[in-house]
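Here is the structure we will look at, set down as structure tokens.
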Amino acid sequence: MNRQSIWSILTAGGYATMGDGYDASGQNENQSSAGWGYANWITGDYYNMTQYDDATRLINFWTTKGIKYWLMSPDNSLIQSGTRTYALAETGQQYVFYAAAGGNFTVNLAPGTYDAHRYNPRTGGEVLLGSKNGGSVSFTMPDSNDWVVYQPCPI
């Protein structure tokens with residue numbers, strides 16, 4: 017799984033899948049010398065777990081952070097500045113911003129006060145960024161890796 021592709025697809029309101037192919041003997045047909053991970057879902061054998069760890073963190077993010085993603089829609093009009101930054105929002109209620117290239121970005125939030133969090137999709141680590149008021153809000157990511165900023169609900 018390409019983490020950045022999947023996160024970009026999801027924050028654009030799309031649907032993404034991943035899978036593996038096995039022949040009748042249980043041998044993986046998709047293993048490559050490029051080091052792509054694969055799993056035999058029948059036996060529970062996993063190889064090159066990195067990509068499956070990415071998938072687990074992605075699923076955990078959307079199911080454990082109190083985000084009602086089914087109420088959200090893609091809305092890149094909220095992005096005032098930033099490179100490869102995407103927005104999924106239920107305007108005035110909850111926001112998820114994905115900065116695929118890290119760096120700085122500025123968004124326009126509806127009036128209100130929001131409890132902002134920065135999530136690391138590579139490790140699952142999280143930092144509370146504190147309260148942010150609606151209007152033009154800037155965020156600075158620690159580096160050029162991909163990062164997620166979310167506000168699950170107004171305070």
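Residue numbers (the working numbering): 17 to 171.
Glycine residues also receive a C-beta, built at the ideal position from the N, C-alpha and C atoms.
All values reported here derive from a predicted model rather than from experimental measurement.
For residue i, which option in the options has the closest C-alpha, if you only look at C-alpha atoms?
i: P90; options: Y31, S154, T122, A71; result: Y31
i: T122; options: I25, R138, N149; result: N149
i: G82; options: D131, N18, I25, T101; result: D131
i: G108; options: S93, T33, L125; result: L125
If you reduce the DSSP assignment to three classes, tell me which class residue i lands in.
i: I83; result: coil
i: R19; result: helix
i: T101; result: strand
i: D159; result: coil
i: T33; result: coil
i: R73; result: helix
i: N92; result: helix
i: T27; result: helix
Around the Cβ of residue i, are there at least 16 other Cβ atoms within 10 angstroms (buried) or fewer (exposed)?
i: S70; result: The identity of residue 70 in the sequence shown is Asp, whereas the question assumes Ser. Buried, because 16 or more other Cβ atoms sit within 10 Å of the Cβ of D70.
i: S49; result: Reliability of the predicted coordinates at S49 is poor, the pLDDT of 41 falling under 50, and the value obtained from them is presented with this limitation in mind. Classification of S49: exposed, given that the 10 Å Cβ count is below 16.
i: V164; result: buried
i: V143; result: exposed
i: D158; result: The sequence shown places Pro at residue 158, rather than the Asp named in the question. So P158 counts as exposed.
i: W23; result: buried
i: T27; result: buried
Which same chain residues, not among the five before or five after residue i, have their C-beta less than 8 Å away from its C-beta?
i: S160; result: A117, G118, G119
* Asked: Quick one: any contact between the stretch 70-80 and the stretch 97-106, if contact means 3 or more CB pairs under 8 Å?
  -> no
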